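Chains as they are written, first to last, in our numbering: chain B, 1 to 211; chain P, 1001 to 1211; chain S, 2001 to 2211; chain U, 3001 to 3211. The structure appears below as structure tokens.
Protein chains: 4
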Amino acid sequence: MVPMSAQAQPTPDREEPRRGRPRSETAHQKVLEATSRLLAHTSYDSITVEGIAAEAGVGKQTIYRWWKNKAQVVLEAVLTGSAQLDLTPVQDTGDLRRDLHTWMRETIAECFQEEHIAMARSLITAGLEGLPTTAELIQQGGGWDSGALLNRLRAAAERGEIPADTEVEVAASALTDPLIFHIITGKVRTAEWGQELVNIVISGVAAPGDA
Amino acid sequence: MVPMSAQAQPTPDREEPRRGRPRSETAHQKVLEATSRLLAHTSYDSITVEGIAAEAGVGKQTIYRWWKNKAQVVLEAVLTGSAQLDLTPVQDTGDLRRDLHTWMRETIAECFQEEHIAMARSLITAGLEGLPTTAELIQQGGGWDSGALLNRLRAAAERGEIPADTEVEVAASALTDPLIFHIITGKVRTAEWGQELVNIVISGVAAPGDA
Amino acid sequence: MVPMSAQAQPTPDREEPRRGRPRSETAHQKVLEATSRLLAHTSYDSITVEGIAAEAGVGKQTIYRWWKNKAQVVLEAVLTGSAQLDLTPVQDTGDLRRDLHTWMRETIAECFQEEHIAMARSLITAGLEGLPTTAELIQQGGGWDSGALLNRLRAAAERGEIPADTEVEVAASALTDPLIFHIITGKVRTAEWGQELVNIVISGVAAPGDA
Amino acid sequence: MVPMSAQAQPTPDREEPRRGRPRSETAHQKVLEATSRLLAHTSYDSITVEGIAAEAGVGKQTIYRWWKNKAQVVLEAVLTGSAQLDLTPVQDTGDLRRDLHTWMRETIAECFQEEHIAMARSLITAGLEGLPTTAELIQQGGGWDSGALLNRLRAAAERGEIPADTEVEVAASALTDPLIFHIITGKVRTAEWGQELVNIVISGVAAPGDA
DNA sequence: CAATAAGCGAGACGGTACGTCGTGTCTTCTT
DNA sequence: AAGAAGACACGACGTACCGTCTCGCTTATTG
């Protein structure tokens, strides 16, 4: 899957020592795990809060104590759950073009799998159904983490593989966004498509426009 | 909005003249208009079929006579509603880079408006919530129509502005998809970002990789 | 059971011809029957609206369309359902004391049965939980119908068996209310207790006070 | 209110001195008072344990340490709360009929007051909702205490005002039960009604049936 | 006088039911 | 036969209570 990571701390929690029985981190965790489990074989909107509660062995109210609605739960489940998928690294052999081709090949192989597609779609849907704020959550707090990719591009810029003033973020967008968009909409993309995309972007970056 | 167009013929229209009272095209239209009106200030899932029916002054059954579920109605409303936005053409002055810069500038100006963003999001959600088939509907039947863009690129290829073997569809993807993705996730993008994206892609296309 | 009868017309219904699909009297009936069935082996408060809906094969909303809450449903079910229990008649052999003794014996035999006790309790609870108005419903609209008893007493008064100015309603109360109250609270009463009660009341009625 | 009294000793009090912090009788009392306060303007089932706890400034668990469920709390609150209402005595002037008339007049005046009615209803509901055992609690342990009335009748029997073999308990039932039943169902009764009831019963008792 | 045990207010927990709302179908009468 | 209207079965929503279970703190009794 396109790498994502999330810190997702829904309760910034003023550190005043709460009274009464403290919230059970166990319950919190059980819910996220149950949600992930359900997301594997169910689309966002056929997931129900009641279903999550049942699967987690948790009271519905407990879910609403931690999250404001279904979108938030799913969002956090996807974001934290996929953190471990954040492992398509971008190697640095010194040859940018080769490294990106490798990365693209692996990423495509990994991403276009039933389960990851389902998760990505849930992420989008959950993000869109949440408040406007939630959309921000996707981008900023975690969402698709193109960090590794960005780092590789920055290294290339410093090292002179590509011009030092390259807008690496734009270049990264040109690589990841078509990928993500095609995952979501269900257009299956072949390795060749990916290779060509890398070629175009790398060449474009390497040969700065005459504009 | 990113140009889309839709023919949206949900009824493959058997040409046998039906018996009894013919379906009211008026009602059909009223529904689409009402839906568009609602989409302007409401997110996909807080739109209800009952709400649409009420807004349109139409019976619920009439809606289900034409479309098979909510997702389809919204989908068609978005697709046809945006058809008239499909007017960001790509001019052909002979200078590809300049033409694309112009197109990008205009598109960004047009797209990042509250109302278009809401529609784009609804499109995605409706597409995802519909059957798997629906996802295809977005891309194929209508969806984001990068037709004008593709044509301009093909013209450039034929004319030798860019290499004849250029994968124009990939290049188009590299331009439109980051745009779309940022619209739906709510990342607002400046004109500069767009210009840089065009630069990268055009240069990359123009200077075929040495790979 | 202590005789009750009810007309229970929750919808006084202005006779303007309603538009749209008319309410299904069938559904209405299915609910009442299901409720009666449940009341037989369940106490009032362990009956649930969801349970009634399931038992009746009816949507929950349909119940709430006809009745305002659980108390109202149960109330109507008990009242209408028991109408057929209104059959402990008071015979008229010309001998009031003997007739009442007979009636009392039969009523006690009939009333102190698990199932009737449960219904009577549900009636009270439903009545009390409903609005203040509901309490009125019990007395006026139906509730415990001491009609047959009253008639027998009135006949006796006209015929001179008891003084013509006898307050027959008070006398009836003195007979039925202890009976009802003991059913509700669960005090099981023997035939002897009933006989003695009849004796006291009849004698009291026959021998007008010297006050 | 119809006189009741309650000993209500929910803890049969094993006399081994418990270890640890002793239960706070203060808390116990605060709960009962809070419950009584709530009972004044709320029906049984819109009273909540959480509400009682809040009103009493007490933890919920403290309530469940003393009583086994809501019905028990309310039950005890009503029973003990009304103990102080147990003061409609039956005087003994030697004239039974007069004494009972006086008692009836005072009792009716006292009983048919909003607040007492509410309490009586709660008592019934609480009794019915409790376990079967609870129903017994009403009658036996406390409930409506017709003790004073019974005593007056027994005195009359010993003294020859009424036949020595009078079934005083039945006679008392014929007086109190109609009263109670009318309170809970909300039928407001006038003083005349009460007077007539007394007349009938006294006469009936005085003039033993010729059966 | 510490250790121990149980009570305390507070409030989260797993449950269950509530009453509302939306979906997609069905049924009435009207056009 | 299609239209507007609206009831239908179904099922999820988010809330409210129930009775239980921790928390950290307080208060007696016991060693």
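Every residue gets a Cβ at the ideal spot worked out from N, C-alpha and C, and that includes glycine. It should be emphasised that the depicted structure is a prediction, and the values quoted were computed from it without experimental measurement.
Which residues in the same chain as B:R97 place their Cβ atom closer than 6 Å to its Cβ, once the five residues preceding and following it in sequence are excluded?
In the first sequence, residue 97 of chain B corresponds to position 97, counting from 1. Once the five neighbours on either side are set aside, the close Cβ partners of B:R97 are I202.
Just to confirm before moving on: does the CB-CB distance between B:T107 and B:L179 stay below 8 Å?
Residue 107 of chain B sits at position 107 when you count from the first residue of the first sequence. Residue 179 of chain B sits at position 179 when you count from the first residue of the first sequence. It is a contact, given that the beta carbons lie within the stated cut-off.
Classify P:G1057: buried if its beta carbon has 16 or more other beta carbons within 10 angstroms, exposed otherwise.
On the second sequence, position 57 is the one that residue 1057 of chain P refers to. It is exposed - the Cβ of P:G1057 has fewer than 16 other Cβ atoms within 10 Å.
Whole angstroms are fine: how far does the CA of S:V2198 sit from the CA of S:L2100?
In the third sequence, residue 2100 of chain S corresponds to position 100, counting from 1. In the third sequence, residue 2198 of chain S corresponds to position 198, counting from 1. So the two alpha carbons sit approximately 7 Å from each other.
Enumerate in chain order the residues of its own chain whose CB-to-CB distance from S:G2051 is below 7 Å, with the five nearest sequence positions on each side excluded.
Along the third sequence, read from residue 1 onward, the residue named residue 2051 of chain S stands at position 51. Excluding positions up to five away in sequence, the list reads L2038.
Assign U:Q3113 to one of two classes, buried (16 or more other C-beta atoms within 10 Å of its C-beta) or exposed (fewer than that).
For the purposes of this step, residue 3113 of chain U is taken as the residue at position 113 of the fourth sequence. Exposed, since its Cβ has fewer than 16 Cβ neighbours within 10 Å.
Return yes when the Cβ of P:A1155 is within less than 8 Å of the Cβ of P:V1074, no when it is not.
Walking along the second sequence from the start, residue 1074 of chain P turns up at place 74. Walking along the second sequence from the start, residue 1155 of chain P turns up at place 155. Going by C-beta atoms, P:V1074 is not nearer than 8 Å to P:A1155.
State yes or no: is the beta carbon of B:W67 nearer than 8 Å to at least one beta carbon in chain P?
Residue numbering aside, residue 67 of chain B sits at position 67 when the first sequence is read from its first letter. Judged by the 8 Å Cβ criterion, B:W67 is not in contact with chain P.
At 8 Å on the CB atoms, spell out the chain B contacts of P:L1197, in chain order.
Within the second sequence, residue 1197 of chain P is the residue found at index 197, counting from 1. Ordered by position in chain B, the residues that pass the 8 Å Cβ test against P:L1197 are V170, S173, A174.
Taking 8 Å as the CB-CB limit, is S:S2036 close to chain U?
Position 36 of the third sequence holds residue 2036 of chain S. Not closer than 8 Å to any Cβ of chain U, the Cβ of S:S2036 fails to qualify, so no.
List, in chain order, every chain P residue whose beta-carbon is nearer than 9 Å to that of B:E114.
Stepping through the first sequence from its first residue, residue 114 of chain B is reached at position 114. Ordered by position in chain P, no residue passes the 9 Å Cβ test against B:E114, which lies about 11 Å from the chain.
Does U:E3110 get closer than 8 Å to chain S when you measure Cβ to Cβ?
On the fourth sequence, residue 3110 of chain U is found 110 positions in, with the first residue counted as 1. Answer no: the Cβ-Cβ gap between U:E3110 and chain S never drops below 8 Å.
Going along the chain, which unbroken runs of the alpha helix (DSSP H) with 4 or more residues stay wholly within the region 33–66 of chain B?
Listed in chain order, they are 49–56, 60–66.
Cutting at 7 Å between CB atoms, please list the residues of its own chain near U:E3115, excluding the five before and the five after it.
Here residue 3115 of chain U is taken as the residue at index 115 of the fourth sequence, counted from 1. If we look at U:E3115 and ignore the five residues flanking it on each side, its Cβ neighbours are A3040.
Under 8 Å between beta-carbons, which chain U residues line up against S:L2128? List them in chain order, please.
Counted from its first residue, the third sequence places residue 2128 of chain S at position 128. Near S:L2128 (Cβ distances below 8 Å), the residues of chain U are S3043, Y3044, R3121, I3124, T3125, I3184.
Taking 7 Å as the cut-off, is the CB of B:A174 close to at least one heavy atom of the ligand SAH?
The ligand SAH is absent from the structure shown, which contains no ligands of any kind.
Answer with yes or no whether the minimum CB distance from B:D92 to chain P is below 8 Å.
Indexing the first sequence from 1 puts residue 92 of chain B at position 92. Not closer than 8 Å to any Cβ of chain P, the Cβ of B:D92 fails to qualify, so no.
Roughly how far, in whole angstroms, is the beta-carbon of U:K3070 from the beta-carbon of U:V3049, given that I think they are within contact range, below 8 Å?
If you number the fourth sequence from 1, residue 3070 of chain U lands on position 70. If you number the fourth sequence from 1, residue 3049 of chain U lands on position 49. Contact holds; Cβ gap of about 5 Å.
Does S:I2200 have its Cβ less than 8 Å from a Cβ in chain U?
Position 200 of the third sequence, counted from the start, is the residue given in the question as residue 2200 of chain S. Yes, S:I2200 lies at the interface with chain U (some Cβ there is under 8 Å from its Cβ).
Alpha carbon to alpha carbon, what distance is there between B:R159 and B:V168?
Start at 1 with the first residue of the first sequence, and residue 168 of chain B comes out as number 168. Start at 1 with the first residue of the first sequence, and residue 159 of chain B comes out as number 159. Roughly 14 Å between the two C-alpha positions.
At a CB-CB cut-off below 9 Å, which residues of chain U make contact with S:A2180?
Along the third sequence, read from residue 1 onward, the residue named residue 2180 of chain S stands at position 180. Looking at the sequence itself, residue 2180 of chain S is Ile, so the reference to Ala does not match. Within chain U, the residues near S:I2180 are D3177, F3181.
Please list, in chain order, all residues of the same chain as P:E1129 whose beta carbon is under 7 Å from its beta carbon, the five residues on each side excluded.
Looking up residue 1129 of chain P in the second sequence gives position 129. So the list reads A1071, once near-sequence residues are dropped.
Mind checking if P:E1167 is an interface residue toward chain B, Cβ cutoff 8 Å exclusive?
Against the second sequence, residue 1167 of chain P aligns to sequence position 167. Interface residue, yes.
Among residues of its own chain, excluding the 5 on either side of B:R14, which ones have a beta-carbon nearer than 8 Å to its beta-carbon?
Stepping through the first sequence from its first residue, residue 14 of chain B is reached at position 14. Unreliable placement is indicated for B:R14, whose pLDDT of 44 sits below 50; no coordinate value is reported for it.
Sort U:T3102, U:H3028, U:D3177 by Cα distance to U:A3191 and report the nearest one.
Locating residue 3191 of chain U in the fourth sequence gives position 191, where the first residue counts as 1. Ranking the options by Cα distance to U:A3191, first place goes to U:T3102.
With a threshold of 8 Å between beta-carbons, can U:W3193 be considered close to chain S, or not?
Position 193 of the fourth sequence, counted from the start, is the residue given in the question as residue 3193 of chain U. So yes, U:W3193 belongs to the interface.
Around the Cβ of S:V2031, are there at least 16 other Cβ atoms within 10 angstroms (buried) or fewer (exposed)?
Residue mapping note: residue 2031 of chain S aligns to position 31 of the third sequence, counting from 1. S:V2031 should be labelled buried.
Given a threshold of 16 other Cβ atoms within 10 Å of its Cβ, counted over all protein chains shown, does P:G1094 qualify as buried or as exposed?
Taking the second sequence and counting its residues from 1, the one referred to as residue 1094 of chain P is at position 94. That one is exposed.
Quick one: grab the DSSP three-state call for S:R2021.
The residue you call residue 2021 of chain S lines up with position 21 of the third sequence. S:R2021 falls in the coil class under three-state DSSP.
Could you check whether B:E110 and B:T88 sit closer than 8 Å to each other, using their CB atoms as the reference points?
Taking the first residue of the first sequence as 1, we reach residue 88 of chain B at position 88. Taking the first residue of the first sequence as 1, we reach residue 110 of chain B at position 110. Contact flag set, yes.
With a CB to CB cut of under 6 Å and the five nearest residues on each side skipped, what residues in its chain are close to P:L1149?
Looking up residue 1149 of chain P in the second sequence gives position 149. Excluding positions up to five away in sequence, the list reads V1090, A1172.
By the three-class DSSP mapping on this structure, what secondary structure does B:P178 have?
Taking the first sequence and counting its residues from 1, the one referred to as residue 178 of chain B is at position 178. Three-state result, B:P178: helix.
Please specify which runs of the alpha helix (DSSP H), each continuous and at least 4 residues long, are wholly inside the region 2072–2129 of chain S, giving them in chain order.
Runs of the alpha helix (DSSP H) inside the region 2072–2129 of chain S: 2096–2111, 2114–2129.
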